[in-house]
Structures are given as structure tokens and as C-alpha cells.
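So the protein lines, in turn, are chains A and B. Residue numbers for the first sequence follow the working numbering, beginning at -2 and rising by one. Residue numbers for the second sequence follow the working numbering, beginning at 76 and rising by one. See structure below.
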Amino acid sequence: MSAPALPLGLFAGVDPWIFAFSFVTVVVTIWMGFRSARTSKTASDFFVAGRSVSVGWNASAISGEYLSAASFMGVAGMVMSSGYDALWYPVCYACGYLFLLLFIAGPLRRFGAYTIPDFAEGRYDSPVFRKIAVCFVLFIGFFYTMPQMKGAGTTLAYIFPGLPYWVGVVLVGAVITLNVALGGMKGITLVQAVQYWIKLFAICVPIFVLMSVYGFYGRHVGVNDGRSIAPAVGLSASPAAHAGGGDAAVTILRKPLGEKAPSDLAWVSPFGPLTTKAAKTAGLTAEEARPYSLLYTYSLIIALVCGTAGLPHILVRFYTNPDGVAAKKTTMWVMILIGVFYVFPPIFGVLGRDLLPELYAATGAKGTDKIVLELPRLLNERGGVWGSVLSGITCAGAFAAFMSTFSGLLVSMTGALAHDVYGRMLRPKSTAAERMFAFKISAVVIGAIAIGLGAQVEQLQINFMVGQAFAIAAASYFPLLFMSVWWRGMTMQGAAIGMLGGGLAALACTTIINLSDLKIVDLAAFWKVNPLLRILCEQPAIWTVPLAIGLMIGVSKLTAATIPSDIRMKMLVLHAPEKLGLKQEYIQEHSAGAGH
Amino acid sequence: MSPSPSPQERVHSEEFLHTLMRRQLKLSVICAATFLVVLLGLPLANYWAPALMATRVAGFTLSWLILGVLFFPAVWAISWYFIRRSIWLENDEVAQVQAAQEEAKK
């Protein structure tokens, strides 16, 4: 397999297996995109895949879309660098769907719309509110696109040492933009569903092989017990004490940790390096730092759980379900599929700490973040090419990860631009064919902007950027949907002010942290004196989510006169089973009354 | 309003919407509460009983085992229970309305 278009010099340090697997993943993605593009014909196909996606396909597609570069590479790297505290990430990423299932999935689908801004306008009869909602879709979308682009750039630079970062961003961005422009939502549903299974395969096969050679998960956690690693036995590795079960077939080999690695007990216990950083910087003792760590942990949990339930590109997929019951069933299967996946990345992190502690020396993409790609190659030491084959498989998984998430984001943002901005605001009388054309143009425009933004963020950390997108979604969309669905007293003013207040507060916090971490504004001295403010700024969800809900309730009470007059009917449509046929009734009444 | 409202009026009545939302919300809140007790309880357990949570079970600390492995099946169980109950509730509502319509025809 060769690509004659590329200069041969690039192939100098390239592992042929890694290249082959990644290449096949990209080609299969393009091929499936073209194939399913032929079946996407109507506007409904483009925006909501004809509302006919079955539970199994949809659950795979949502899972494929959700498991991003941050999940695939970032979680393993974080568990390796921060230990126990980082486990909250995979757990809350998966469990956030429970909130979505319990409170939002069914009613949101029942209301029947193309996009979230559609829901926003329909629920409050307010075109102004649609504009605010569109801005948030685009805003959260771009925030979430940047880390995916960064994953693409760094992975390609890893496969081809010497390749500039931006080439990967442009290549992956162009492939996905082409796919979305050709097939819309229907086109990418198939691609994303297949990519979920590629990702699951790519994360679990290498880990099972590695565990059977180097020892199992529990025993690798077990050797982190604070005993010193027997020094000077060999140059590369020294056998550590048997842990967690005595007569083991495989002795756990452990390399000495570098200076920058956290100590065993700090790593394996709760309230470790991740959550105590702010308090440690302020010079507090371990005992004094504990309440701060607890606060940090709770705020992180709220951000991740509520953020998951408020990501627009995930929510829009619920409209592809045939009905509310299917939407609920889909959510349950999504939880199972992504739960199964999320058991594995932490294992990479744990094995990485024992087997490849060299990575602690560097940070970010050059350090622990590449553990998933780097770890399987260890097997090459045992002879054969299996290490390279497995590393090739994980690279293919990484490709699938940022490609499918980016395609989902692109569809949701394109939908917002083509349906809400063009089809509803600019030219409400446009025909279906014109809207489809607008969809294609919007896909190319947004794809180009995303590539441009992605090329700028090489210095930022993948997880950190994803965390910010979650924090903003948690304080804006989650309160909006939760309150709109369950509280009939909500008014447009309340919803808008709550959403803007919460979202902008979260944005302000993340901006301050960004500026200070990139050393543009020097706040180090200030953080040293105020560790509490640092935590509330770094993880703002614990106060921004209640702030948003509080604003919504307060302002709605003040403007209670503007509650839509047919609120009872709206609530019925949201909550009554489809079989009662209320939806058709509502559409008839509504079109008779409003005239559109 | 007449003493026995027609089925159509019944569906559109305040009372019907109230029961409908109340029953679904009650189910959701019960499931969410179970989940939150576990989710928010674990950091508290780590905080107040660090020694217990550091007990080694097959190499894992107890806390690691709960969060990294056992948490997922627990959430699946909650969601499975919710789906079953929620679909049952919906079918029950439809059956009630249909029964009332049958009644009205007689």
C-alpha cells in the first residue's frame, strides 16, 4: 500500500502497519460516505435522516459520535497522569446520559423539530429565542471542534514524524466536510455507527493482548502500593512485589517512575494531583487541601453530567428517532455501548504508568496523551510485528474517534445554519431543494472555519478544551431543556436570561483560566492567595448551573404574563404518548392560528 | 363543564396533564435520586472513610473498583428499570383514554 502523491521522504520513520490501518480507516470512511450519499435525497434525509433510524443503528451512531479524541486518547492519558481523580471523566461521560434519558430524551423527540433552535422557538413562540439558541449551537460546536482538530493534527504528526501539525487538521477536516456535504445526517449515520464498532475493537483488542502478556488490570493497580521499586536490578525493568493474589502466572514488571510522576499513594487514592493542584499552589497542607478537593470533585461531576445532557450535537440526533419511546430505548443502548467502551481507556493509563513511565517526562501530546498509541508497540520488544499491528489498530481507532465526532458537530452546526438561519430567518419561503443546497454550502463554510480554528490550537490541551465545552453546555443548554420540558411557568425572557447568564458566566471563567494558563495575563500570585476562586473558576459548574436555573425561575416569575397561551397543549405534546395523536392536532391548530 | 366530560375533553383537561406529568416525573425523580445517592455519595465516602475505601480488593482499591468498574452496570440497571416502567406508564395512559372512548360510544 503506498500513496504516490506524498513525497517519499515522509515515509522515512513511518511504521507500515500503523500507516496501513489508518489509511484503510480513512478510505472506508470516504467510501461509505459516497455510498450512503446516493440514498440521501430529501431535505428530511439531510437534516434528520428521514426520522427513520432504528434503535440499534442510532445507538451505535450516537455512541460513535460521542466517543471523541478526548475519550479515546485523552482519558487514558489523564488516568496515567492524575490517577484516581481522572476516573470521574469516563464515568460521568457515560452517566450523563442517564439524566438525558430520565428528563429530556422522550419529550424532546415528541415535540418534533429539526434542530434544538426549532424546539426553542416552538416552545416559546419566539423567533428571537431561536436566534439566541442558534448562536449557542454554533458557539459550543466550535469550542468542541477545536480539540477534535487538535487530535487529528497530533495523530497524523505521530504517524508521519516531521509532518507539520496543520496538515492533519486540513486533511481530516476536508474528508469529513466532503462526507457531510454529500450525505447530510443520513450519510453520516451509517459512517458513525460503523466507527463506533471500529473504536470499541481498537480499544479492547490491544488491551486484552497487553493484559495477557503483562498482567491484568487489578494487579497493575495493585503494584501501586507505595513500596519502592526494587532499584538497580536491570537497566530497563525490575520485578515489583506480587500484589493482589500471590501465585501469578505473570510477574508484573515495573519500570522506575520519573521525577515528574505522582507518587503511588497520591495517584491511587482519591483527591490526588488533579483536584488538589489549586490548594497545593496556595501552600496548604494535605489535610487543609481536602475540602477544596471535595469541592473540585463535585463541581467536575456536575459539569460532566449536565454537560453531557446539554451537548447540541448529541441532542440533535434524538430527532432521528421514529418516536419518543424509540428515543428512550436508544438512550439506554447508548449508555450500555459507551459504558462498555469507557472501561478500557483507564486500563491503558494504568498499564502505561507501570510499563512506560518515560512518558511522564513530557506533557500533553508528546507525553501521557499518546499512551494509547505508544503502549502496544512495547510488544515489539517481545519479537514479531504484533506490537506494530496493535498500535496500527489503536491509530485507526483514534482516526475514527475524531472523524466521527467532527462529522457529528459539523452536521449539527450545518443544520443550525442551513435550517435555522437560512431556512427560517433569511428566506422562510425557500423551497426544499434550495434548503438542501444551502445545507451543502453551509457544510463547506463551517468545515473551512473549523479547519482554520483547529490550526490555531496546537498549544492547548485536548481534555482541557473539551472540559470547557462541557462547562458551557452544562450551564446553558441543560438548564434550558430541563426547565422547558418540566416547568410550564417558564417564559421566553426567563429562558433566555438564564441560558445567557449561565453560559456567559461559564465562558468568562474558562477564558480567565485560559488567559492565565497561556501566560497572557499573569494571575499566578492571585491564585496563590485565593485557591477557592481558582477552583470555582476552573470548574465553574457548581455555581453556574444553579445560577442559570435560579435566573430562569426568577425572571419567569416576574414575566409570568408572557407564558404562551397554549402552554397546556404544548405540555401535552411533550409528555403524552404519540398513540393519542395529539401531535397532529397541535400542528393543525398551530398552522391554522399562526399561518405558517 | 358537564359532570362526565367527553374523552376528548378529558385528554385536554388540566387534570389529565397534571397526572401525566406527575407520574412520569415521579418515576424520573426516583431513578435520578438513586443515581445521585451513589454518584454524590462516593466522594463523601472517600472523604470521611478514606481507610475503608483504600481496602484492596483483587489489587484495586475499593473506591477504584466501584468507580472504574462497578459503576457502569449499576447505571445500566437504573436505566433498564426506568425504560420498562416508563413504557408501561405510557401504555397505561393510552389504554385509559381508549377505554374512556369505548365507554363514550356505548
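No residue lacks a Cβ here, since even glycine has one placed at the ideal position from N, Cα and C. Note that the structure is predicted; figures quoted are calculated from it, not measured.
Neighbour-count burial assignment, residue i, 16 or more Cβ in a 10 Å radius
i        : result
LEU569/A : buried
GLY280/A : exposed
TRP123/B : exposed
TRP139/B : buried
TRP330/A : buried
LYS257/A : exposed
SER161/B : buried
GLU285/A : exposed
PHE146/B : buried
ILE546/A : buried
ASN166/B : exposed
GLY336/A : buried
GLU89/B  : exposed
Rounded C-alpha distance that separates residue i from residue j
i        : j        : result
ARG531/A : PHE140/A : 22 angstroms
LYS554/A : GLN536/A : 29 angstroms
THR541/A : LEU497/A : 11 angstroms
TRP483/A : SER57/A  : 28 angstroms
TRP28/A  : VAL191/A : 12 angstroms
SER41/A  : LEU207/A : 46 angstroms
LEU92/B  : ARG565/A : 8 angstroms
GLU575/A : GLY103/A : 11 angstroms
THR186/A : PHE69/A  : 20 angstroms
THR402/A : VAL24/A  : 17 angstroms
ARG120/A : PRO543/A : 22 angstroms
GLY170/A : LEU153/A : 12 angstroms
ASN55/A  : TRP264/A : 38 angstroms
THR428/A : VAL172/B : 39 angstroms
ALA149/B : LEU142/B : 10 angstroms
PRO319/A : LEU135/A : 26 angstroms
GLY321/A : VAL418/A : 27 angstroms
GLY491/A : CYS303/A : 19 angstroms
HIS217/A : SER388/A : 21 angstroms
SER123/A : THR142/A : 29 angstroms
THR22/A  : ALA130/A : 35 angstroms
ASN176/A : LYS101/B : 43 angstroms
LEU512/A : LEU520/A : 9 angstroms
THR391/A : TYR211/A : 18 angstroms
PRO203/A : LEU370/A : 10 angstroms
PHE205/A : ILE368/A : 16 angstroms
LEU179/A : ALA275/A : 48 angstroms
SER562/A : THR365/A : 56 angstroms
C-beta atoms of residue i and residue j nearer than 8 angstroms
i        : j        : result
ILE333/A : TRP85/A  : no
LEU478/A : LEU64/A  : no
GLY80/A  : GLY380/A : no
LYS147/A : GLY394/A : no
GLY181/A : VAL408/A : yes
GLY384/A : MET77/A  : no
ALA470/A : ILE137/A : yes
THR328/A : LEU97/A  : yes
VAL340/A : VAL144/B : yes
ILE510/A : LEU312/A : no
ALA323/A : VAL52/A  : yes
Span of the alpha helix (DSSP H) around residue i
i        : result
GLY499/A : 489 to 514
THR411/A : 383 to 412
LEU153/A : 124 to 156
ILE335/A : 321 to 339
MET549/A : 538 to 555
VAL169/B : 146 to 180
LEU453/A : Per the sequence presented here, residue 453/A reads as Gln, with Leu not at that position. Segment: none, GLN453/A is in no alpha helix (DSSP H) and carries neither H nor E.
LEU114/B : 89 to 123
LYS257/A : Run containing LYS257/A: none; DSSP gives neither H nor E here.
ILE611/A : Residue 611/A lies beyond the residue range present for chain A, which begins at -2 and ends at 593; the question has no answer from this structure.
ILE27/A  : 13 to 34
Note to self: At a CB distance below 7 angstroms, what residues from the stretch 160 to 181 of chain B approach chain A? Give them in sequence order.
What the structure shows: SER161, ILE162, GLU165, GLU168, VAL169, VAL172
Next item on the list: Check each residue of the stretch 76 to 91 of chain A: if its Cβ is closer than 7 angstroms to any Cβ of chain B, include it; give the result in chain order.
Entry: TYR81, LEU84, VAL88, ALA91
Next item on the list: Note down, in chain order, all residues in the stretch 127 to 156 of chain B with a beta-carbon under 9 angstroms from any beta-carbon belonging to chain A.
Entry: MET128, ALA129, ARG131, VAL132, ALA133, GLY134, PHE135, THR136, SER138, TRP139, LEU140, LEU142, GLY143, VAL144, PHE146, PHE147, PRO148, VAL150, TRP151, ILE153, SER154, TRP155
Note to self: By the 7 angstroms beta-carbon criterion, what residues does the stretch 188 to 221 of chain A contribute toward chain B?
What the structure shows: So the close ones are GLY215, ARG216, VAL218, GLY219.
Item checked: Proximal residues, the stretch 105 to 116 of chain B versus chain A, C-beta separation under 9 angstroms -> CYS106, ALA107, PHE110, LEU114, LEU115
Check: Listed from N- to C-terminal order along the chain, which residues in the stretch 167 to 189 of chain A have their beta-carbon within a distance smaller than 7 angstroms of any beta-carbon of chain B?
Finding: none
Next item on the list: Determine which residues of the stretch 117 to 142 of chain A have a Cβ less than 8 angstroms from any Cβ of chain B, and write them out in chain order.
Entry: none
Notebook entry, point to check: Of all the residues that make up the stretch 334 to 346 of chain A, which are near chain B by a beta-carbon distance shorter than 8 angstroms?
Noted result: GLY336, VAL337, TYR339, VAL340, PRO343
Check: Quick one, which residues of the stretch 281 to 298 of chain A are near chain B if we go by CB-CB under 8 angstroms, in chain order?
Finding: Look at the stretch 281 to 298 of chain A: the residues with a C-beta under 8 angstroms from a C-beta of chain B are ARG287, LEU291, THR294, TYR295, ILE298.
Margin query: Counting only Cβ-Cβ distances shorter than 8 angstroms, please list the residues of the stretch 12 to 32 of chain A near chain B, keeping chain order.
Written below: So the list is empty, because no residue satisfies the distance condition.
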